[in-house]
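In full-length UniProt numbering, the protein residues as written are 320 to 598.
Ideal Cβ positions, reconstructed from N, Cα and C, are used throughout, including at glycine.
Here is the structure we will look at.
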Ligand code: C2E
Ligand code: CA
Ligand code: CA
Ligand code: CA
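Here's what the structure looks like:
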């Protein structure tokens, strides 16, 4: 019994140890990456379905690793969230994105209404001076609060709705707009939703993906559009890849759209071209 106990212990220990090691290594690497400014921002156009014009961009982080090359967010955001490093990464992305849009404005490439949307993992900001940090970034970069939008996932909001409400209300006073990301997947409490000064609901890609698949999910998109309309919010359809998906979205009067059909996320240099000559 003693030997068996030991074997079990060892088995448990070696797998746990392996996981802990790689996560710890990743955490160390992420800290270094922050110091060395290895996070780069890609920009995906957001299109108005009324005018077919680009109205803004979503800032999406990538890690330009010196050995591994470009690493997508799915590979490091979960660990960044677990370790709390996400706060620094989000602010780093926000700083870069605000500075970039300000430069495009100065170069005459972006008109005054063009916005940049930045993702925030908000459940980690509970004891953190987010408002002050955002103020500082806007002051340092010279960007107007009106040009910045913050994307928070529906599930993050619902994890701490009281706190999320507070920051949304306070940032709204500085003209900053809010997008509820991945909407339809986070079990929103409607009593919160209608009290929050939210600008836009972003319809989760999973619903867009299923369009055409017997048409079953148009019902959900229709319901989200009805909700957005009755709450006085706009809607963005995310992850639109085909004309077949675009058609019902347009028919339901969804205002905005984002997806590979229009453009993949682009490097800053490529955005400059798109702003100068169109998609
Ligand atoms: P998200 O916020 O839902 O971002 C949209 C994701 O969908 C992006 O993936 C984008 O490239 C992808 N996408 C856009 N259009 C299409 C399409 O037509 N088809 C398909 N298949 N995909 C499309 P990405 O850049 O890999 O980002 C993945 C997730 O990582 C984001 O999902 C977001 O949750 C997180 N993330 C990215 N950047 C940041 C950041 O700066 N901070 C935080 N906290 N999270 C971030
Ligand atoms: Ca997003
Ligand atoms: Ca999303
Ligand atoms: Ca998502």
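Look at residue 536 here: in three-state DSSP terms it is coil, with no helix or strand label.
Assigned with DSSP and collapsed to three states, residue 364 falls in strand. By the criterion of a C-beta distance shorter than 7 Å, residue 382 is surrounded in its chain by 352, 357, 358, 390 and 395, once the five residues flanking it on both sides are discounted.
DSSP places residue 518 in the coil class of the three-state scheme, outside both helix and strand. In the three-state reduction of the DSSP assignment, residue 576 falls in the strand class, which pools E and B. Boundaries of the alpha helix (DSSP H) harbouring residue 454: 449 to 460, taken from the DSSP string.
Contact between residue 519 and residue 552 holds: CB atoms are separated by about 6 Å, below the 8 Å threshold. Closest by C-alpha distance to residue 418, out of 405, 437, 484 and 596, is 437. DSSP places residue 463 in no alpha helix (DSSP H); its state is neither H nor E.
Less than 9 Å divides the Cβ of residue 400 from the Cβ of residue 440.
Note on geometry: alpha-carbon atoms of residue 489 and residue 469 lie some 13 Å from one another.
Look at residue 471 here: in three-state DSSP terms it is strand. In the displayed model, residue 493 falls within coil according to three-state DSSP, outside both helix and strand. By the criterion of a C-beta distance shorter than 6 Å, residue 475 is surrounded in its chain by 441 and 442, once the five residues flanking it on both sides are discounted. Short note on residue 448: C-beta not closer than 8 Å to any heavy atom of ligand 2. Here the distance from the Cβ of residue 501 to the nearest heavy atom of ligand 3 is below 8 Å. Looking at the backbone, the Cα of residue 491 and that of residue 473 are separated by about 17 Å. Residue environment: residue 521 is assigned as buried (16 or more neighbouring CB atoms within 10 Å of its CB, all protein chains considered). Judged by their CB atoms, residue 564 and residue 554 are not nearer to each other than the 9 Å cut-off. Counting every other CB atom within 10 Å of its CB across the protein chains shown gives residue 393 a total below 16, marking it as exposed.
Remark: C-beta atoms of residue 457 and residue 435 do not approach each other more closely than 9 Å. Collapsing the DSSP output to three states places residue 434 in a strand.
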